[in-house]
Amino acid sequence: DAGVIQSPRHEVTEMGQEVTLRCKPISGHNSLFWYRQTMMRGLELLIYFNNNVPIDDSGMPEDRFSAKMPNASFSTLKIQPSEPRDSAVYFCASSLGAGGDYGNQPQHFGDGTRLSIL
Amino acid sequence: AQKVTQAQTEISVVEKEDVTLDCVYETRDTTYYLFWYKQPPSGELVFLIRRNSFDEQNEISGRYSWNFQKSTSSFNFTITASQVVDSAVYFCALSEAFSGGYNKLIFGAGTRLAVHP
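Read top to bottom, the protein sequences are chains A and B.
Per my numbering, the very first residue in the first sequence carries number 302; after that it's consecutive.
Per my numbering, the very first residue in the second sequence carries number 57; after that it's consecutive.
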């Protein structure tokens with residue numbers, strides 16, 4: 302079975318450029334999460350979608366970051382303009398359900414995108 | 057507020073040694089869920105186990121075992137007869153799905169395990 306698929310695996314770009322990260326969740330999963338991982342801050346939740354609708358974006362660092370989920374099988378995380386401090390590994394994860402009885406549903410992570418902003 | 061503490065930043069062992077990774081959590085909820093994830097050097101995050109707050113039964117899966125104790129708010133992970141392939145960063149996480157509204161994961165800082173031949 303296909304897991305969560307992220308692209309690209311690595312991205313190196315110059316400061317000020319637009320960066321778009323892509324994610325395909327596991328088929329049938331209706332919850333999607335974007336995380337950022339850095340040495341200093343560990344794993345941080347950026348945004349959570351349920352049934353393609355953004356539910357919690359309180360972790361999005363600033364207006365330069367935006368995320369969309371146009372359909373159940375695709376999501377993007379965009380940074381515009383990018384800055385060196387955005388360098389990190391960005392993970393997408395998906396799961397079944399959301400809260401309540403679904404709270405025990407594990408999140409399944411993609412392989413991540415390693416982003417370097419020069 | 058919810059919190060997950062993994063006090064061991066790094067552990068180094070020799071192959072075949074047993075090793076226990078500690079996880080202590082804080083929550084005000086009576087219903088919550090605990091998870092362990094593994095992040096090998098290749099970078100992906102791999103789900104290992106989940107536990108709900110009503111199930112304190114310990115679990116064993118091959119060389120892996122988990123000890124959940126509500127009395128001490130701990131969910132420790134033991135690897136028996138460690139192998140080089142166990143070298144990874146291990147994350148403990150907490151979810152308060154009922155009060156939080158969804159299965160938001162609160163991660164610990166992780167424990168880096170190095171198993172040497």
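Glycine is no exception: its CB is placed at the ideal position from the N, C-alpha and C atoms.
> Taking one C-beta from the stretch 331–342 of chain A and one from the stretch 62–82 of chain B each time, how about it: are there three or more such pairs within less than 8 Å?
Replying inline: no
> Are any of the Cβ atoms in chain A nearer than 8 Å to that of B:Arg84?
Replying inline: For this step, residue 84 of chain B is matched to residue 28 along the second sequence. Cβ-Cβ to chain A under 8 Å: no for B:Arg84.
>> For a cutoff of 8 Å on Cβ pairs, would you count A:Ser417 as touching chain B?
In response: The count along the first sequence starts at 1 and reaches residue 417 of chain A at position 116. No - not a single Cβ of chain B is within 8 Å of the one on A:Ser417.
> chain A beta carbons: is any one of them nearer than 8 Å to that of B:Gly118?
Replying inline: Working through the second sequence from its first residue, we reach residue 118 of chain B at position 62. Answer no: the Cβ-Cβ gap between B:Gly118 and chain A never drops below 8 Å.
>> The beta strand (DSSP E) that contains B:Thr167, what's its start and end?
In response: As a position in the second sequence, residue 167 of chain B is number 111, starting the count at 1. Here the beta strand (DSSP E) through B:Thr167 covers Thr167 to His172.
> Can you tell which of A:Asn405, A:Ile418 and A:Thr414 has the C-alpha that lies nearest to the C-alpha of B:Phe103?
Replying inline: Looking up residue 103 of chain B in the second sequence gives position 47. It is A:Asn405 whose Cα lies nearest to the Cα of B:Phe103.
>> List, from N- to C-terminal side, the beta strand (DSSP E) runs of 3 residues or more that fit wholly inside the stretch 78–134 of chain B.
In response: 80–82, 89–95, 102–108, 115–117 and 120–125
> Can you name the residues of chain B whose CB is closer than 8 Å to the CB of A:Leu346?
Replying inline: In the first sequence, residue 346 of chain A corresponds to position 45, counting from 1. Simply Lys160 and Leu161.
>> Just to confirm the assignment, what range does the beta strand (DSSP E) spanning A:Thr339 have?
In response: Along the first sequence, read from residue 1 onward, the residue named residue 339 of chain A stands at position 38. Counting along the chain, the beta strand (DSSP E) containing A:Thr339 begins and ends at Ser332 to Thr339.
>> I need the straight-line Cα distance from B:Glu82 to B:Lys126, nearest angstrom please.
In response: The residue given as residue 82 of chain B occupies position 26 in the second sequence. The residue given as residue 126 of chain B occupies position 70 in the second sequence. The alpha-carbon atoms of B:Glu82 and B:Lys126 are separated by roughly 10 Å.
> Alpha carbon to alpha carbon, how far is B:Asp74 from B:Arg107?
Replying inline: Counting from 1 along the second sequence, the entry for residue 74 of chain B is found at position 18. Counting from 1 along the second sequence, the entry for residue 107 of chain B is found at position 51. Each residue's Cα considered, the two are about 22 Å apart.
> Along chain B, which residues have their Cβ under 9 Å away from the Cβ of A:Gly343?
Replying inline: Position 42 of the first sequence holds residue 343 of chain A. Correct list: Phe147, Phe163, Gly164, Ala165 and Gly166.
> Does the distance from the CB of A:Val305 to the CB of A:Phe410 come in under 8 Å?
Replying inline: By 1-based counting over the first sequence, the position of residue 305 of chain A is 4. By 1-based counting over the first sequence, the position of residue 410 of chain A is 109. Contact: yes.
>> Classify A:Asn352: buried if its beta carbon has 16 or more other beta carbons within 10 angstroms, exposed otherwise.
In response: As a position in the first sequence, residue 352 of chain A is number 51, starting the count at 1. Exposed, since its Cβ has fewer than 16 Cβ neighbours within 10 Å.
> Which residue from A:Arg310, A:Phe366 and A:Gly360 puts its Cα closest to that of A:Cys324?
Replying inline: Walking along the first sequence from the start, residue 324 of chain A turns up at place 23. Of A:Arg310, A:Phe366 and A:Gly360, the residue nearest in Cα terms is A:Arg310.
> My guess is that A:Thr414 and A:Glu312 are in contact by the Cβ rule of under 8 Å, so how many angstroms apart are they, rounded?
Replying inline: Counting from one through the first sequence, the residue named residue 414 of chain A turns up at place 113. Counting from one through the first sequence, the residue named residue 312 of chain A turns up at place 11. Right, the Cβ-Cβ distance comes to about 6 Å (below 8 Å), so this counts as a contact.
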